[in-house]
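Numbering (this note's numbering), first residue to last: 2 to 109.
What follows is the structure, encoded as structure tokens:
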């Protein structure tokens, strides 16, 4: 595939070779972005799991899936930054999955 044509979702799968991790990582990116938009800043781990009402161990599993899908040094905020310009003020959560499958991947 020519460079620049790979999407976020394709890059996640290509790196992890696990559909389960890809789905979990994509969900984490979207969930993190929802919290960021609501709080107005990048959430801490505690803010994230408190906002969603989930346990720290569930958040840790989400983060492990994400890190399995991205190169070293890429943060969830970096990936959200690829999607954020296409997300409107009134967040349409159903629109996030198509963004993951259509937004070009820009990290090595």
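Backbone N, C-alpha and C fix where the C-beta goes; we use that ideal spot for every residue, glycine too.
Own chain partners of residue i with C-beta closer than 7 angstroms, once the 5 adjacent residues on each side are dropped
i	result
residue 43	37, 78
residue 83	9, 104, 107
residue 66	22, 25, 26, 29
Residue i, buried or exposed, once every other Cβ within 10 Å from all chains shown has been counted against 16
i	result
residue 17	buried
residue 96	exposed
Short Cβ contact (9 angstroms threshold) for residue i with residue j
i	j	result
residue 33	residue 81	yes
residue 46	residue 59	no
8 angstroms CB neighbourhood of residue i in its chain, flanking five on each side removed
i	result
residue 8	101, 102, 103, 104, 105, 106
residue 14	20, 23, 70
residue 27	9, 10, 13, 98, 101
residue 109	72
residue 75	108
residue 48	36, 40
residue 54	none
Chain-order list of residues whose beta-carbon lies under 6 angstroms from that of residue i (same chain, five-residue window excluded)
i	result
residue 3	Unreliable placement is indicated for residue 3, whose pLDDT of 44 sits below 50; no coordinate value is reported for it.
residue 52	36
residue 57	50
residue 87	100
residue 6	none
Proximity to residue i [Cα-Cα], best of the options
i	options	result
residue 29	72, 74, 61	61
residue 63	109, 40, 31	31
At 4 residues or longer, and completely inside the stretch 25-105: list those alpha helix (DSSP H) runs for me, N to C.
-> As for any alpha helix (DSSP H) of minimum length 4 sitting wholly inside the stretch 25-105, the runs are 46-53, 57-70, 77-84, 97-103, ordered along the chain.
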